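See structure below.
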């Protein structure tokens with residue numbers, strides 16, 4: 002539960018990227034934050050005392066496989082950096098919002114109402130709950146609704162797949178890439 006609440010807080014990334022004025026260089030701020038976060042994550046893996054401290058602080062939050070590997074937060078930040086560099090602003094924002102809101106909604110709805118399993122621990126009800134949350138985001142966000150709805154579907158169903166290295170990396174890049182291709186907007190390099 003705490004893990005998903007932390008995951009939900011990752012909605013701050015697209016929110017801040019959307020509202021921070023361009024003259025403050027939001028891309029550079031995000032990249033700088035990511036570099037610091039990755040550095041701390043790598044140091045945690047290499048320095049035993051930091052690893053022990055990290056595990057004490059985040060006990061019950063990190064997955065067992067994250068004890069000896071990069072955390073989901075690292076993968077999400079790397080994906081966010083790639084998204085804000087490659088995709089138009091509105092697409093990067095939505096792709097990251099789908100990851101934060103849709104994934105969290107799928108988890109809570111699946112936990113509460115999930116009955117029919119699909120692909121491991123995932124449930125049909127959770128997937129549909131995540132899809133509903135993503136569709137609402139698509140409809141509320143200004144821009145081409147058909148493109149945003151395609152992204153909502155891609156984000157929701159890519160959550161079901163065990164894509165390496167991490168769903169927090171894959172979901173925003175898959176949904177953002179497909180939205181960009183569908184919109185006919187060229188990458189914003």
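Numbering (the numbering used here), first residue to last: 2 to 190. C-beta: ideal position from N, C-alpha, C; glycine also. No experiment lies behind these values; they were computed from the predicted model shown.
Tell me, which residues are paired with residue 118 by DSSP? Mapped onto the chain shown, residue 118 falls at position 117. Residue 118 pairs with 124.
From which residue to which residue does the alpha helix (DSSP H) around residue 55 run? Here residue 55 refers to the residue found at position 54 of the chain shown. Taken as a continuous stretch (DSSP letters only), the alpha helix (DSSP H) holding residue 55 covers 49-58.
Just confirm the distance between the C-beta atoms of residue 103 and residue 131, as a whole number of angstroms; I'd bet it's less than 8 angstroms. Taking the chain shown and counting its residues from 1, one reaches residue 103 at position 102. Taking the chain shown and counting its residues from 1, one reaches residue 131 at position 130. About 4 angstroms separates the CB atoms of residue 103 and residue 131; that is less than 8 angstroms, so the two are in contact.
Sequence-distant residues of its chain with Cβ nearer than 6 angstroms to residue 144 (five each side left out): The residue labelled residue 144 in the question sits at position 143 within the chain shown. 91, listed in sequence order.
Counting Cβ pairs closer than 8 angstroms, one from the segment 74-91 and one from the segment 29-41, do we hit at least three? In this structure the segment 74-91 lies against the segment 29-41, because at least three pairs of beta carbons, one per stretch, are closer than 8 angstroms.
In the DSSP assignment, the alpha helix (DSSP H) including residue 179 goes from what residue to what residue? Counting from 1 along the chain shown, the entry for residue 179 is found at position 178. 168-184 is the extent of the alpha helix (DSSP H) around residue 179.
Within a Cβ cutoff of 6 angstroms, which residues of the same chain sit near residue 167, ignoring the five residues on either side of it in sequence? To locate residue 167, count along the chain shown from 1; it is residue 166. 73 and 76, listed in sequence order.
Please name the residue in 57, 23, 52 and 101 whose C-alpha comes closest to that of residue 69. Sequence index remark: in the chain shown, residue 69 carries index 68 (1-based). It is 52 whose Cα lies nearest to the Cα of residue 69.
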